[in-house]
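Per the UniProt record's numbering, numbering of the sequence shown is gapless, rising by one per residue and ending at 180.
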Amino acid sequence: MLKGKKIGLRARHEDDIPILLTELYDDPVNSSRAEGGPWRPITPGTNDSRLVPDDKDQSKVPFSVVELDGGTLVGSANLWGIDTHNRSAHIGLGLLPSCRGKGYGSDVVATLCHYGFVLRGLRRLQIETLSDNYAMLRAAERNGFVREGVLRSSAWVLGRFMDEVLLGLLAEEWKPDTPS
Ligand SMILES: CC(C)(COP(=O)(O)OP(=O)(O)OC[C@H]1O[C@@H](n2cnc3c(N)ncnc32)[C@H](O)[C@@H]1OP(=O)(O)O)[C@@H](O)C(=O)NCCC(=O)NCCS
């Protein structure tokens, strides 16, 4: 397990799946805002890659997020779009509703940066999020990500187009554990 300050990132376990399905992916509002596509119900027992990782897919590393204190599942996180030629990847995460606003999101971003830069030797990490996702923007910026641009009206979300913010962090800019 990869350890942050408050959370750990570990492999997906079988009994994580029904919790993530019910609390994250069966929520049309959360899914519409976080997934970049239309919400569709997921049938229990399917092999949807958001829930059941494909270990052969080298472009994505999926994690379950757990509390370090006790090991309770609190969400899902991944490094995706891993490009070993350009040495870049994207960060994605989603916490169970009851686990938000406790500093876990910032710690997940920090731990994914450690994984990406230190364990994988990547040079650039990227995050895209809706322009009103203040918690995600703040969790990224407090880890050193900078806003590189706004993708105007790039996301159709619950009946309207919204802007997305693109944030990036380079390995040489990354300062682990720097308070901000
Ligand atoms: C976005 C998300 C991962 C952030 O994680 P979190 O644990 O809730 O965030 P944190 O508690 O680490 O807070 C990060 C910062 O945002 C601030 N923040 C938290 N919730 C906020 C809110 N609703 N509005 C404004 N700021 C907020 C915190 O005060 C903190 O700022 P600080 O460092 O200055 O104190 C989490 O809320 C989540 O899973 N949301 C739903 C899914 C999602 O949006 N995923 C991202 C898709 S790109």
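Think of the CB as a built atom: it goes at the ideal place given N, C-alpha and C, for glycine as much as any other residue.
- Between residue 87 and residue 123, the gap from beta carbon to beta carbon is short of 7 Å.
- Sequence-distant Cβ neighbours of residue 13 in its own chain, meaning closer than 7 Å and more than five residues away, are 64.
- Look at residue 42 here: in three-state DSSP terms it is coil, with no helix or strand label.
- Under DSSP, residue 161 takes part in a beta bridge, and its partners are 156.
- Counting the other CB atoms within 10 Å of its CB gives residue 84 a total below 16, which places it among the exposed residues.
- Within the stretch 47-135, the alpha helix (DSSP H) runs of at least 4 residues that lie entirely inside it are, in chain order, 104-113.
- Taking the Cα positions, residue 15 is about 36 Å away from residue 160.
- For residue 33, no beta strand (DSSP E) run applies; the uninterrupted alpha helix (DSSP H) run containing it begins and ends at 28-34, by DSSP.
- Going by DSSP, residue 20 is part of the alpha helix (DSSP H) stretching over 17-20.
- With a cut-off of 6 Å, the C-beta of residue 95 is classified as near ligand 1, since at least one heavy atom of the ligand falls inside that distance.
- A distance below 6 Å between beta-carbons, with the five flanking residues on each side excluded, links residue 158 to the following residues of its chain, in chain order: 32.
- Within the model, the alpha-carbon separation for residue 26 versus residue 141 is close to 29 Å.
- Beta-bridge analysis with DSSP links residue 169 to 125.
- Taking 8 Å as the upper bound for CB-CB distance, residue 7 and residue 96 are not in contact here, some 12 Å apart.
- In the three-state DSSP reduction, residue 10 falls in the strand class (E or B).
- Taking all protein chains in view, the Cβ of residue 74 is crowded by 16 or more other Cβ atoms within 10 Å, so the residue is classified as buried.
- Distances between the C-beta of residue 134 and the heavy atoms of ligand 1 include at least one below 6 Å.
- Distances between the C-beta of residue 147 and the heavy atoms of ligand 1 are all 6 Å or more.
- In the three-state scheme derived from DSSP, where H, G and I count as helix and E and B as strand, residue 138 is classed as helix.
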